[in-house]
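S.K.:
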Ligand code: LRH
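In this note's numbering, the protein residues as written are 789 to 1281.
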């Protein structure tokens, strides 16, 4: 009936999915055709991604999608900063690292000795996270793999390359690397030169909504796609795609894109590169249609996921996600206040250093009561996340000179009713939760526009999301004194 049938590949650091989206006037729906677990693999003492395995999962998803009917387009989004290197034959050199690998520990400090923090921020406008691609490349200086590298491809671009042969760097994801000049929209080549990094490995930047090319004939045959199905560059940074599908009705709204990470911030027209923004360590990532994602990266539901993994490994009875969320409701609010952004929570838990122990260690160090039971640990994490959202949204609003009247929560965390209630309470503003598959929806919407759908701008795309998806509203309830809790944080908020 004149609609489009589009495949969205959405790669999360803990799970990936392939969805079929249908777009027509007044219609936007998604069907999941393939979902698979994902996680970094410890290999030779380092943390790596199994990218060939991810490619196989993409093929499986495409085969499922093709089996259900004709496909009009394919788009890929995924987590940021991580990348593969290709040699001059186009072969992968080395095994792509996970951003949770520890080889970048201490690297930012070394970089800042060469490029002072204010200068780096003026060019790139990014939060200083150890894992930014810049720091990963500095850690790789002198390695044989980097020496042999002719081309760097961010992971969604790498998978797109394997599907089509095309080489490029989609803009929204390029903007997360800290190799990108947020003022000019080009690669920050002089920054790379100063740090002794090979700027020549960075491919041309392409726009979200541009077409990479058709799926290669051999690949199409392998998965049962017809000839000439275009692969469309979407907002290939998952957070950029998720923000496209935030069903906001205009200014006065903030968002939390809540998955493995939580990305907490505002959509702006221009970057905020002030000294205050730098001191607050806020990010200015590029969004679809030239918008700026002014946000803070928060450790997110990763921490709870790692606790659940530890409890399962320890044979803790009944510590499933559903059960701990129910039990956590009855734990007194803000019993234990910890900083969920503490760097000790970044690496995957291990048998002798599981995530719940790390939270207990943080509590001890801060003179807070240790969370003992899974319910107490869960509540500690969720309170900590809500507190982080509160602090960062207030800071974002102040730095950008904006009012925040409502907070949209999208992604997996939008299904977590306790977290949504706590977020509304902590932020003192209603939370509008959903859609859960925001990244896949944003992926589909940008593809649809590229292939001719009448969705002229973000407002039209968001209007379609509002018209087709149920949003749950949570009001602040006065559950706890969040302001007092900020004073209990080690850095005093
Ligand atoms: C979320 C995300 C986030 C990045 C992180 C590496 O999936 O893309 O925006 O900061 O992964």
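Glycine residues also receive a C-beta, built at the ideal position from the N, C-alpha and C atoms.
First and last residue of the beta strand (DSSP E) that includes residue 812?
M.R.: The count along the chain shown starts at 1 and reaches residue 812 at position 24. Per DSSP, residue 812 belongs to the beta strand (DSSP E) from 803–812.
S.K.: Is it the case that the CB of residue 867 approaches a heavy atom of the ligand LRH more closely than 7 Å?
M.R.: Against the chain shown, residue 867 aligns to sequence position 79. Checking every heavy atom of the ligand LRH against the Cβ of residue 867, one is found closer than 7 Å.
S.K.: Would you mind stating whether residue 997 and residue 954 have Cβ atoms separated by less than 8 Å?
M.R.: Taking the first residue of the chain shown as 1, we reach residue 997 at position 209. Taking the first residue of the chain shown as 1, we reach residue 954 at position 166. In this structure, residue 954 does not lie closer than 8 Å to residue 997 by Cβ.
S.K.: Assuming residue 892 and residue 924 are in contact, meaning their beta carbons sit under 8 Å apart, how far apart are those beta carbons, in whole angstroms?
M.R.: On the chain shown, position 104 is the one that residue 892 refers to. On the chain shown, position 136 is the one that residue 924 refers to. Confirmed, about 6 Å.
S.K.: Taking the C-alpha atoms as reference points, what is the distance between residue 1260 and residue 845?
M.R.: The residue you call residue 1260 lines up with position 472 of the chain shown. The residue you call residue 845 lines up with position 57 of the chain shown. Cα to Cα, residue 1260 sits roughly 32 Å from residue 845.
S.K.: What do you get for residue 972, buried or exposed, if any count of 16 or more other CB atoms within 10 angstroms of its CB means buried?
M.R.: Numbered from its first residue, the chain shown carries residue 972 at position 184. Exposed, since its Cβ has fewer than 16 Cβ neighbours within 10 Å.
S.K.: Measuring CB to CB, does residue 1270 end up less than 8 Å from residue 1175?
M.R.: Here residue 1270 is taken as the residue at index 482 of the chain shown, counted from 1. Here residue 1175 is taken as the residue at index 387 of the chain shown, counted from 1. Against a cut-off of 8 Å, the Cβ pair of residue 1175 and residue 1270 comes out as a contact.
S.K.: Residues in the same chain with beta-carbon distance under 6 Å from residue 848, minus the five sequence neighbours each way, listed in chain order, please.
M.R.: Here residue 848 is taken as the residue at index 60 of the chain shown, counted from 1. 822, listed in sequence order.
S.K.: Considering only residues of the same chain and omitting the five flanking positions on each side of residue 1068, which have a CB-CB separation below 7 Å?
M.R.: Position 280 of the chain shown, counting from 1, holds the residue named residue 1068. The answer, listed in chain order, is 1183 and 1187.
S.K.: Under 7 Å: does the beta carbon of residue 939 sit that close to some heavy atom of the ligand LRH?
M.R.: For this step, residue 939 is matched to residue 151 along the chain shown. No.
S.K.: Going by CA-CA distance only, name the one from 913, 1011 and 943 that's closest to residue 970.
M.R.: As a first step, residue 970 must be located in the chain shown, where it is residue number 182. Nearest C-alpha to residue 970: 913.
S.K.: Confirm the yes/no value for this check: CB of residue 892, any heavy atom of the ligand LRH, distance under 7 Å.
M.R.: Counted from its first residue, the chain shown places residue 892 at position 104. Checking the Cβ of residue 892 against the ligand LRH gives no.
S.K.: Let's see if you can read the secondary structure: which residues bound the beta strand (DSSP E) around residue 1002?
M.R.: Within the chain shown, numbered from 1, the residue matching residue 1002 stands at position 214. Note, residue 1002: beta strand (DSSP E), 999–1002.
S.K.: Pick out the complete alpha helix (DSSP H) segments inside the segment 1036–1108, 4 residues or longer, and give them in chain order.
M.R.: Complete alpha helix (DSSP H) runs here, min 4: 1063–1067 and 1090–1101.
S.K.: Measure how close the beta-carbons of residue 749 and residue 1196 come, nearest whole angstrom, since I'm counting them as under 8 Å.
M.R.: Nothing about residue 749 can be reported from this structure: the residues present for the chain run from 789 to 1281 only.
S.K.: Unbroken beta strand (DSSP E) runs of length 3 or more, entirely within the segment 1136–1213: which are they?
M.R.: Correct list: 1194–1198.
S.K.: Which full runs of the alpha helix (DSSP H) of 4+ residues lie inside the segment 880–911, going along the chain?
M.R.: Taking only runs of at least 4 residues, the alpha helix (DSSP H) segments lying wholly in the segment 880–911 are 895–902.
S.K.: Does the Cβ-Cβ distance between residue 1018 and residue 1032 come in under 8 Å?
M.R.: As a position in the chain shown, residue 1018 is number 230, starting the count at 1. As a position in the chain shown, residue 1032 is number 244, starting the count at 1. It is not a contact, given that the beta carbons lie outside the stated cut-off.
S.K.: State the Cα-Cα distance for the pair residue 886 and residue 802, rounded to the nearest angstrom.
M.R.: What you label residue 886 is simply residue 98 of the chain shown in a count that begins at 1. What you label residue 802 is simply residue 14 of the chain shown in a count that begins at 1. Going from the Cα of residue 886 to the Cα of residue 802 covers about 12 Å.
S.K.: Kindly list the residues whose CB is nearer than 7 Å to the CB of residue 965, restricted to its own chain and excluding five residues on each side of it in sequence; keep chain order.
M.R.: Along the chain shown, one-based indexing puts residue 965 at 177. 869, 920, 921 and 922.
S.K.: In chain order, what residues of the same chain have a beta carbon less than 6 Å from the beta carbon of residue 1226, not counting five sequence neighbours either side?
M.R.: Position 438 of the chain shown, counting from 1, holds the residue named residue 1226. These residues qualify, in order along the chain: 1030, 1033, 1198 and 1199.
S.K.: Examine the ligand LRH and report whether any of its heavy atoms sits within less than 7 Å of the Cβ of residue 1048.
M.R.: Position 260 of the chain shown, counted from the start, is the residue given in the question as residue 1048. Residue 1048 Cβ: within cutoff of the ligand LRH.
S.K.: Taking 8 Å as the CB-CB cut-off, is residue 1016 touching chain B?
M.R.: The structure shown contains no chain B, having only a single protein chain.
S.K.: For residue 1112, which of helix, strand or coil comes out of DSSP?
M.R.: Here residue 1112 is taken as the residue at index 324 of the chain shown, counted from 1. Looking at residue 1112 - three-state DSSP - the assignment turns out to be helix.
S.K.: At a cut-off of 7 Å, is residue 1026 close to the ligand LRH when judged by its beta-carbon and the heavy atoms of the ligand?
M.R.: Stepping through the chain shown from its first residue, residue 1026 is reached at position 238. Under cutoff, so the answer is yes.
S.K.: Using C-beta distances below 8 Å, list every residue in its chain close to residue 1059, excluding the 5 sequence neighbours before and after it, in chain order.
M.R.: As a first step, residue 1059 is located in the chain shown; it is residue number 271 there, counting from the start. Cβ within range, chain order: 913, 970, 971, 1072, 1080 and 1082.
S.K.: From 806, 1179, 812 and 841, pick the residue whose C-alpha is nearest to that of residue 1236; which is it?
M.R.: As a working note, residue 1236 is residue 448 in the chain shown. If we check each option's Cα against that of residue 1236, 812 comes out closest.
S.K.: Looking only at C-alpha atoms, which of 876, 1064 and 1093 sits nearest to residue 988?
M.R.: Residue 988 sits at position 200 when you count from the first residue of the chain shown. Checked all of 876, 1064 and 1093; the closest Cα to residue 988 is 876.
S.K.: Is DSSP giving residue 836 helix, strand or coil here?
M.R.: Walking along the chain shown from the start, residue 836 turns up at place 48. It is a strand residue.
S.K.: Using the C-alpha atoms, what's the distance from residue 986 back to residue 940?
M.R.: Position 152 of the chain shown, counted from the first residue, corresponds to residue 940. Position 198 of the chain shown, counted from the first residue, corresponds to residue 986. Rounded to whole angstroms, residue 940 to residue 986 spans 10 Å at the Cα level.
S.K.: Select from 1163, 1103, 1246 and 1010 the residue whose C-alpha is nearest the C-alpha of residue 1056.
M.R.: The residue given as residue 1056 occupies position 268 in the chain shown. Comparing Cα positions, the closest option is 1246.
S.K.: Which one or two residues does DSSP pair with residue 1027 in a beta bridge?
M.R.: For the purposes of this step, residue 1027 is taken as residue 239 along the chain shown, with counting starting at 1. Residue 1027 is not bridged to any residue.
S.K.: Around the C-beta of residue 1265, are 16 or more other C-beta atoms found within 10 angstroms, so that it is buried, or is it exposed?
M.R.: The residue you call residue 1265 lines up with position 477 of the chain shown. Result: exposed.
S.K.: Hey, is residue 1051 close to the ligand GTP, as in C-beta under 7 Å from one of its heavy atoms?
M.R.: This structure does not include the ligand GTP; its bound ligands are the ligand LRH.
S.K.: At which residue ranges does the segment 932–964 contain complete beta strand (DSSP E) runs of 3 or more residues, listed in the order of the chain?
M.R.: Runs of the beta strand (DSSP E) inside the segment 932–964: 939–942.
S.K.: What do you reckon, is the C-beta of residue 801 under 7 Å from a heavy atom of the ligand LRH?
M.R.: Your numbering for residue 801 matches position 13 in the chain shown. Because some heavy atom of the ligand LRH lies under 7 Å away, the Cβ of residue 801 counts as near it: yes.
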